[in-house]
Amino acid sequence: ISSCISAKEMWDRLEVTYEGTNQVKEAKISMLVHNYEMFTMNENEDIKSMFSRFTYIINALQVLDKTYSNSEMVRKFFRCLPKSWMPKVTTIEEAKNLNILPLEDLLGSLMTHEISM
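Offset between the sequence shown (1-based) and my numbering: plus 116.
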């Protein structure tokens, strides 16, 4: 860094050092998108653990400027749940506006349901 002449040159070096080149960034995005697309609830996993894994992926993607709408994330999360959860999913879909339903509120509803299962 000390050998850099301009602030832009310093910034570019720091960016490559901490984020990697564009090629590295694209590879990370590709891997994370794959993880997002293939995401499912693991056997014997509780809803909170599943939610933690899911938010890790979407947060990592957001850092790399790849984002999904709230509705896309909620619907994706629903699709990852086992069939035994479908009655609760239907209830939430009918009662809530998925475009604005915060993921944290969704987690709360699903945790409450999990306790009663």
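Virtual Cβ for every residue (Gly too), placed ideally from N, Cα, C.
- Inter-segment contact for the stretch 149-158 and the stretch 184-200 is present: three or more beta-carbon pairs are separated by less than 8 Å.
- The C-alpha of T183 is placed about 13 Å away from the C-alpha of F170.
- When D221, D162, R129 are compared, the shortest CA-CA separation from I231 is found for D162.
- When only Cα atoms are considered, S168 and E209 end up about 22 Å apart.
- Around the beta carbon of V179, a 10 Å sphere encloses fewer than 16 other beta carbons of the protein chains shown; the residue is thus reported as exposed.
- At the C-beta level, L177 and V149 come within 9 Å of one another.
- Taking the Cα of S200 as reference, the smallest distance to any Cα among Y152, L214, L226 is reached at L226.
- In the three-state reduction of the DSSP assignment, N160 falls in the coil class, being assigned neither a helical nor a strand state.
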